[in-house]
Amino acid sequence: MKIDRFLKAVLLGFTLTVGTAPMGSAETLRILNGAVSSALNVAMNRAVVVEADQPFAEVSIANPGIADISTLSDRTLYVLGKAPGRTTLTLLGPDGGLITNVDVHVAPDVAEFKERLRQILPNEQIEVRTANDGIVLSGVVSSIARLDRALDLAQRYAPDRVSNLMSVGGTQQVMLKVRFAEMSRSVSKSLDASFGLSGGDFVLGSGALANSANYNSVFGGGSVAIASGEAAGIIGTKFGIGGLELAVALEALENKGVVRTLAEPNLVALSGQEAKFLAGGEYPIPVSDDDGITIEYKPFGVELNFTPRVVDGDVINLSLTAAVSGIDSSESVTANGFSVNAFSRRETSTTVEMRDGESFAVAGLLQDDFLDSTSQIPWLGDIPVLGALFRSANYQRDQSELVIIVTPHLVTPTRGEALSLATDRIRPPTEAEFFLFGKTAGSNRPRAGAAGEVAKQDFSGSYGYVME
54 MKIDRFLKAV LLGFTLTVGT APMGSAETLR ILNGAVSSAL NVAMNRAVVV EADQPFAEVS
114 IANPGIADIS TLSDRTLYVL GKAPGRTTLT LLGPDGGLIT NVDVHVAPDV AEFKERLRQI
174 LPNEQIEVRT ANDGIVLSGV VSSIARLDRA LDLAQRYAPD RVSNLMSVGG TQQVMLKVRF
234 AEMSRSVSKS LDASFGLSGG DFVLGSGALA NSANYNSVFG GGSVAIASGE AAGIIGTKFG
294 IGGLELAVAL EALENKGVVR TLAEPNLVAL SGQEAKFLAG GEYPIPVSDD DGITIEYKPF
354 GVELNFTPRV VDGDVINLSL TAAVSGIDSS ESVTANGFSV NAFSRRETST TVEMRDGESF
414 AVAGLLQDDF LDSTSQIPWL GDIPVLGALF RSANYQRDQS ELVIIVTPHL VTPTRGEALS
474 LATDRIRPPT EAEFFLFGKT AGSNRPRAGA AGEVAKQDFS GSYGYVME
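According to our numbering, the sequence shown is numbered sequentially starting from 54.
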């Protein structure tokens, strides 16, 4: 009998055998004579059956709060995991001798969690471990969205006991290309009628003929005038009645203006980190406090703040704040003896989501201001047709359009040799080149690669940085 038991131990290699039974059954730990018992891993709220090759008379568990035991026979007992932790299972023989001590490890059941994780994220290399009463996730995932899904699923199985050791792979740097385009135009037209009555040293009139200086500048002593200079656009005539002169003048003016502003800032930021950009300046503003007058600076120009987040693959989430501001000299405030100009500002703040290389017009503003006014001599201005000679009409229209277009790109670093600056193409001329040939810039030796091809362009060509 002893030889038979010894042969069994030799055939099994003096090892501890753990087998998983079909669903609905418990795992089995077999304790053999002459073998050293290793740790027994029990999932919480799951059971393991322990079998011994020789009968035992007494069994005990060090901490019943971690695992519970019940005997099924003199060779078999049942171990149930109750709470995460470690304890010791002791088996004694009929003679009171020690058969074995088994370290029992009770941990949360992650078998189902691993299965669900493989179903939801089949291509992600995520490792799942247990630590005390929690779950530890490690490995490299392809995107932040998949990382969030794994954490959300883990929270279902171990609420507030999930340790995240995962990292995100792939490209996580975003270059944002923003185009600010603003076009504004203004048109103003006016038609004024002026009358003057002159006799001796006095002049009585309205509009352009309101005083003797204007009267003389328009007519200059003649009876018909087409004035220029300060009184541009005035045509008039005068005639005498006895010792008096009666003058009539028509003033027609038209102003047109077009303004186009454009800025194209490019900015690179790491996923989840904020980046800021300002192309403009700072305007000093005096501020009164307990120490007297201090100066604060208010930025103006093209401002851009954005926070990119690479959500999944090439999908990028952008939190964006863009503004275009400038000093408005037409409005000012005077305080403590200082005159401070107002600011014109257009700003947008939004959150959008797009793929690499796609574009959005995140802001557009069409503004159309219209103003007309008339003034007339009472009663005479109401006369049909001829009344136009007794009226002054002013017409003004301002139109502006502002568009902000954003385009994100996933980018990776490149070699410094592949970059070329506009300054790489310019070299100060030698004295001979400057005085003899009139060159304002010397020539550089061409560089290799795409940067060298761009460096060959002259100063009047395209400018900026080039990336191979």
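We put the beta carbon where it would ideally sit given N, CA and C, even for glycine.
I'd like the span of the alpha helix (DSSP H) that includes residue i, first residue to last.
i	result
Ile197	Ile197 to Tyr210
Lys167	Ala164 to Ile173
Ala136	It is not in any alpha helix (DSSP H) - Ala136 carries neither H nor E in the DSSP assignment.
Under 9 Å between the Cβ atoms of residue i and residue j?
i	j	result
Phe396	Lys329	no
Val321	Leu371	no
Ile197	Gly325	yes
Val159	Val103	no
Pro147	Ala110	yes
Val438	Leu373	no
Ala332	Asn358	no
Ile247	Val301	The displayed chain sequence assigns Ser, not Ile, to residue 247. The answer is yes: Cβ separation under 9 Å.
Gly366	Ser220	no
Pro161	Ala211	yes
Ala136	Gly118	yes
Lys230	Glu317	yes
Ser346	Asn389	Here residue 346 is Ile; the residue named in the question, Ser, does not match the sequence. It is a contact, given that the beta carbons lie within the stated cut-off.
Glu411	Pro461	yes
Taking all protein chains shown into account, do 16 or more other C-beta atoms lie within 10 angstroms of the C-beta of residue i, making it buried, or fewer, making it exposed?
i	result
Val340	exposed
Pro75	Confidence at Pro75 is low in this model, with a pLDDT of 33, below 50, so the placement of that residue should be treated as unreliable; the coordinate-derived value is given next. Exposed is the call here.
Ser383	exposed
Thr387	exposed
Glu168	exposed
Glu27	Nothing about residue 27 can be reported from this structure: the residues present for the chain run from 54 to 521 only.
Ala414	exposed
Glu283	Residue placement at Glu283 is poorly supported in this model, since its pLDDT is 47, which falls under 50; the coordinates still yield a value, given next. Glu283 should be labelled exposed.
Val227	buried
Phe353	buried
Asp425	exposed
Pro466	exposed
Val163	buried
Span of the beta strand (DSSP E) holding residue i?
i	result
Phe488	Where Phe488 is concerned, there is no enclosing beta strand (DSSP E), although the alpha helix (DSSP H) it sits in stretches over Glu484 to Phe488.
Gly245	Note that residue 245 is Asp in the sequence shown here, rather than Gly. Residues Gln226 to Gly252.
Ala96	Leu93 to Ala96
Phe292	Ile287 to Ile294
Pro361	Gly345 to Asp365
Ser123	Ala120 to Thr124
Ser481	Here the sequence assigns Pro to residue 481, which means Ser is not the residue at that position. From DSSP, Pro481 is part of no beta strand (DSSP E); its letter is neither H nor E.
Gln178	Gln178 to Ala184
Thr493	Neither: Thr493 is in no beta strand (DSSP E) and is coded neither H nor E.
Asp342	Ala328 to Asp342
Ser216	Val215 to Val221
Ser191	Gly187 to Val194
Say yes only if the C-beta of residue i is nearer than 8 Å to one or more non-hydrogen atoms of the ligand GTP, and no if none qualify.
i	result
Ala246	Among the components modelled here there is no ligand, and therefore nothing to report on the ligand GTP.
- Message: For a minimum of 3 consecutive residues, which ranges assigned as the beta strand (DSSP E) are wholly contained in the segment 376 to 429?
- Response: Here the runs fully enclosed are 391 to 408 and 413 to 429.
- Looking at C-beta atoms only, is the number of pairs between the segment 443 to 461 and the segment 413 to 427 that lie closer than 8 Å three or more? Contact holds: three or more Cβ-Cβ distances are below 8 Å.
- Task: State whether the segment 379 to 393 contacts the segment 242 to 256, with contact taken as three or more CB pairs (one from each stretch) at a distance under 8 Å.
- Result: When C-beta atoms of the segment 379 to 393 are compared with those of the segment 242 to 256, fewer than three pairs fall below 8 Å, so the two segments do not count as touching.
- Message: Three Cβ pairs or more, each shorter than 8 Å: is that satisfied between the segment 133 to 142 and the segment 164 to 181?
- Response: Verdict: no, contact absent.
- Task: At 4 residues or longer, and completely inside the segment 438 to 471: list those alpha helix (DSSP H) runs for me, N to C.
- Result: You should have found no qualifying run.
- Quick check: the segment 236 to 249 against the segment 303 to 313, are there 3 or more CB pairs under 8 Å? The segment 236 to 249 makes contact with the segment 303 to 313, as at least three CB pairs between them are under 8 Å.
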